[in-house]
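Numbering (the UniProt record's numbering), first residue to last: 1 to 64.
From the three backbone atoms N, C-alpha and C, an ideal C-beta is built for every residue, glycine too.
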């Protein structure tokens, strides 16, 4: 049941709803894919240091 609810939620959402913006209000996801390459099934993008620990949302802070 939970899997189908998650699938429905993600299918009805837009990429912009999950994307982060930098200080200039530019979305990061497409630029990050160009910089670091597409993600494999077992990868994700992250910020260093982590945003929750005081990291900034900047293109150069992203890693794969």
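If you compare alpha carbons, which of the options is closest to residue i?
| i | options | result |
| --- | --- | --- |
| residue 15 | 24, 48, 5, 28 | 28 |
| residue 42 | 11, 51, 64, 31 | 64 |
If you follow the alpha helix (DSSP H) that residue i is in, where does it begin and where does it stop?
| i | result |
| --- | --- |
| residue 29 | 29–36 |
| residue 23 | Note, residue 23: premise wrong, no alpha helix (DSSP H); not H, not E. |
| residue 11 | 2–11 |
By Cβ distance, which residues of its chain are closer than 7 Å to residue i, with the 5 residues on each side in sequence left out?
| i | result |
| --- | --- |
| residue 20 | 28, 57 |
Tell me whether residue i, by its Cβ, gets closer than 6 Å to a heavy atom of the ligand SAH.
| i | result |
| --- | --- |
| residue 9 | By its list of ligands, the structure shown contains no ligand whatsoever, and the ligand SAH lies outside what it can speak to. |
Here's a check: name, in chain order, each residue in its chain whose Cβ is nearer than 8 Å to the Cβ of residue i, leaving out the five neighbours to either side.
| i | result |
| --- | --- |
| residue 52 | none |
| residue 36 | 45, 62, 63, 64 |
Please report the Cβ distance between residue i and residue j, rounded to the nearest whole angstrom; I am assuming they are in contact, meaning their Cβ atoms lie under 8 Å.
| i | j | result |
| --- | --- | --- |
| residue 62 | residue 39 | Not really, about 12 Å apart at Cβ, beyond 8 Å. |
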